[in-house]
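Please read the structure below before turning to the comments.
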Amino acid sequence: MRDAFTRALMREAEKDPRLTLVTGDLGFGVLKPFWETYPEQFVNAGIAEQAMTGLAAGLAMTGRTVLTYSIGNFPTLRCIEQIRNDCAYHDANVKVVCVGGGFVYGSLGMSHHATEDMAILRALPGVTVFTPGDPHEVEAIVPVMLRTPGTCYLRLGRGGEPCLHPGPIENYDAPRALTLREGTDVALLSAGGILTQTVAAADLLAQKGVSAEVVSFPCIKPIDREKLAELATRFRHIVTVEEHSIVGGFGGAVCETLAEMGAGCRIHRIGMEDVYSCIVGTQQYLREKYDMDAAAICERTLAWLAE
Amino acid sequence: MTYTEKTHAAFAGAPIDAGDPRVLAWLIRRHGLEMTHISRGSHIGAIFSLAEIMATLYTGVMNVNPAEPRMPSRDRLILSKGHAGAAVYAALAERGFFDVEELSTHYANGSRLSGHVSHKGVPGVEFSTGSLGHGLAVAAGMALGGRKDGADWRVYCILGDGECDEGSVWEAALQAHQYQLDNLIAVVDHNRMQSLDFCENTIALEPFTDKWAAFGWNVMQVDGHDVAALQDAFAKAKANRGTGKPTVIIAETTKGKGVSFMENDILWHYRTPQGEEYEAALKELEAHRP
Numbered sequence: 007m008r009d010a011f012t013r014a015l016m017r018e019a020e021k022d023p024r025l026t027l028v029t030g031d032l033g034f035g036v037l038k039p040f041w042e043t044y045p046e047q048f049v050n051a052g053i054a055e056q057a058m059t060g061l062a063a064g065l066a067m068t069g070r071t072v073l074t075y076s077i078g079n080f081p082t083l084r085c086i087e088q089i090r091n092d093c094a095y096h097d098a099n100v101k102v103v104c105v106g107g108g109f110v111y112g113s114l115g116m117s118h119h120a121t122e123d124m125a126i127l128r129a130l131p132g133v134t135v136f137t138p139g140d141p142h143e144v145e146a147i148v149p150v151m152l153r154t155p156g157t158c159y160l161r162l163g164r165g166g167e168p169c170l171h172p173g174p175i176e177n178y179d180a181p182r183a184l185t186l187r188e189g190t191d192v193a194l195l196s197a198g199g200i201l202t203q204t205v206a207a208a209d210l211l212a213q214k215g216v217s218a219e220v221v222s223f224p225c226i227k228p229i230d231r232e233k234l235a236e237l238a239t240r241f242r243h244i245v246t247v248e249e250h251s252i253v254g255g256f257g258g259a260v261c262e263t264l265a266e267m268g269a270g271c272r273i274h275r276i277g278m279e280d281v282y283s284c285i286v287g288t289q290q291y292l293r294e295k296y297d298m299d300a301a302a303i304c305e306r307t308l309a310w311l312a313e
Numbered sequence: 011m012t013y014t015e016k017t018h019a020a021f022a023g024a025p026i027d028a029g030d031p032r033v034l035a036w037l038i039r040r041h042g043l044e045m046t047h048i049s050r051g052s053h054i055g056a057i058f059s060l061a062e063i064m065a066t067l068y069t070g071v072m073n074v075n076p077a078e079p080r081m082p083s084r085d086r087l088i089l090s091k092g093h094a095g096a097a098v099y100a101a102l103a104e105r106g107f108f109d110v111e112e113l114s115t116h117y118a119n120g121s122r123l124s125g126h127v128s129h130k131g132v133p134g135v136e137f138s139t140g141s142l143g144h145g146l147a148v149a150a151g152m153a154l155g156g157r158k159d160g161a162d163w164r165v166y167c168i169l170g171d172g173e174c175d176e177g178s179v180w181e182a183a184l185q186a187h188q189y190q191l192d193n194l195i196a197v198v199d200h201n202r203m204q205s206l207d208f209c210e211n212t213i214a215l216e217p218f219t220d221k222w223a224a225f226g227w228n229v230m231q232v233d234g235h236d237v238a239a240l241q242d243a244f245a246k247a248k249a250n251r252g253t254g255k256p257t258v259i260i261a262e263t264t265k266g267k268g269v270s271f272m273e274n275d276i277l278w279h280y281r282t283p284q285g286e287e288y289e290a291a292l293k294e295l296e297a298h299r300p
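Residue numbers (our numbering), protein chains in the order written: chain G, 7 to 313; chain W, 11 to 300.
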């Protein structure tokens, strides 16, 4: 997803010479093509996320689209008040980009696990939250995000994720949810890079004779209410999957939306159960440990269907 | 009597030249007293502390236009110590950005004049603050954008000394030096007091000017209540363009300046002027009208 982001961003930087990328001293190997090609549109703010975000707000007020870039919780939680007061309250055209949503930096420890960012950013008025699930979604979303007024948050995964959509997504319009598989027994709703596990879980469920619909939500705020309403009429069980706390994030957004609609379906949330991850391991290891890998999604879904 | 009539009463009908920095500084204090009295609001000490700084900026130092508050070529001002926002509102109102009468709505239900300075719907306010340590980074971003565009305008940012406890101030100070923002002029209202005590008893800042110099800034130290000294410092700061260094003016001030019993008394960070204290403060101010 990182490389898809840089590719898409460079296309936009070519078209808009005022587009400016500000990094918090991270992105070695990812952003290099950008700073080599567009040095005038690149700023390294140093290891200073609060001032990076304030700086971006000030730059945006001179008529620029400005992206801040860092990893894990650094561009978000470390400077959440700057995002709230300086960017969002002022409708500043700042796009906050995080690489490493969820357990991407699993072995580095809990400081590097971004597992509350979606909930916290989603709570800020005026902030649009994008959570692409594969490189095609990233390439579709970057230009949409850059044309979305005000402050946005883009939560990316890592490098090297497989493409799950069959090809580029044409004419994406936020917050449209994207259906990857059609099914009849259960709907698996996914936000972010965990989409690989959600799709794989649908394959496992198919082997057990269960037909699962898979829908990716590349934008969780605003959320595709029409799609949710339609899914709620077609399915008795909806499962949400996120590499994130189940509190207030994607599952929370789905629950809020469908509860208000008076939908009669059951919603089951898969994610971190309101705990910090304290286990050392790779992203995939931690997904297994916290019951959100493909096998766990399959098993838990089967149990819920049997209730 | 309207709010405007009351706050202008000391002039007894004589013309009021708010373009004179000493007159504007007096008016800022007069409004500061009245606004915090009506609203039972806090921070009169801070408002009085920066009256001359604000008045000097809005009487010729900054290029601003009340007829076109968003004029692209305007100089930008961020009051990072947003709790002294009444001083900005008073200066803007007296300089014609909006009706002086509206100052009476400070803190009131439905008012656009919040206690900490707000830009929402208020002509002439560039940026909302209130949480300390935010303004300098945003000012640096504006200055960087202006420089990239080859713009002539400058960015001014007023900080409190207590505010310099915030680490984000120093992050921004490092960045402004790194990006050689010689179109950025910071002013520290150095009244040596913060919320609960003197700065030196809280988180010692001295040697304060040395710290800024060590961060690579062009540092000036002036009497922050001497309009001529401030004008001179701002002229030098403007002439600093081309050196690649941001400027900070350490304005030596007195918290509560202008009312003897408020000066250097920590009580007046939060205390609201009411009853006999309000009357005594008013009498002192009116006795010293320029």
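All residues carry an ideal CB built from backbone N, CA and C; glycine is no exception.
- Look at G/K227 here: in three-state DSSP terms it is strand.
- From the listed residues G/R272, G/E313, G/E294, G/Q213, the smallest Cα separation to G/R240 is found for G/R272.
- Each of G/P45, G/P138, G/N99 was checked against the Cα of W/K158, and the nearest Cα belongs to G/P45.
- According to the DSSP assignment, G/R272 belongs to the beta strand (DSSP E) that extends over 272-278.
- When the beta-carbon positions are compared, G/A183 and G/V150 stay at least 9 Å from each other.
- For G/T307, the enclosing alpha helix (DSSP H) covers residues 300-312.
- Along the region 215-231 of chain W, there is no position whose C-beta sits under 8 Å from a C-beta of chain G.
- DSSP places W/R86 within a strand segment (E or B) once states are collapsed to three.
- Check the Cα spacing between W/F107 and each of W/A28, W/P283, W/V197, W/A214: the tightest is with W/A28.
- DSSP places W/M152 in the uninterrupted alpha helix (DSSP H) bounded by 145-158.
- Around the beta carbon of W/L277, a 10 Å sphere encloses fewer than 16 other beta carbons of the protein chains shown; the residue is thus reported as exposed.
- In the DSSP assignment, W/S52 falls outside any alpha helix (DSSP H) and carries neither an H nor an E.
- The beta-bridge partner set that DSSP reports for G/H243 consists of G/R272.
- In this structure, W/S141 lies away from G/A54, with their beta-carbon atoms at least 9 Å apart.
- Under a 10 Å Cβ-count criterion, W/F271 is classified as exposed, with fewer than 16 other Cβ atoms of the shown protein chains found around its own Cβ.
- Where G/L15 is concerned, the enclosing alpha helix (DSSP H) starts and stops at 8-21.
- Contact with chain W is absent for G/V260, since none of that chain's Cβ atoms lies less than 9 Å from the residue's Cβ.
- Counting only residues of its own chain and dropping the five nearest sequence neighbours on each side, W/V232 has a CB closer than 8 Å to the CB of A239, L240, D242, A243, I259, I260, A261, E262.
- With its beta carbon at least 9 Å from every one in chain G, W/H279 lies outside the interface.
- A distance below 8 Å between beta-carbons, with the five flanking residues on each side excluded, links G/D123 to the following residues of its chain, in chain order: N79, T82, L83, C104, G107, Y159, R161, H250.
- DSSP places G/I200 in the coil class of the three-state scheme, outside both helix and strand.
- With contacts defined by Cβ atoms closer than 9 Å, G/A301 and G/A193 do not form a contacting pair.
- Within chain W, the residues S138, T139, G140, S141, H144 have their CB atoms less than 8 Å from the CB of G/N91, given in chain order.
- At a C-beta separation below 9 Å, G/L73 has no neighbours in chain W, since its nearest C-beta there lies roughly 13 Å away.
- Annotation for W/G42: I54, I57, F58, A96, A97, A100 place their beta carbon closer than 7 Å to its own, counting only its chain and skipping 5 residues before and after.
- When the beta-carbon positions are compared, G/I126 and G/I86 come within less than 9 Å of each other.
- Put simply, the backbone Cα of G/Q290 is about 15 Å away from that of G/V205.
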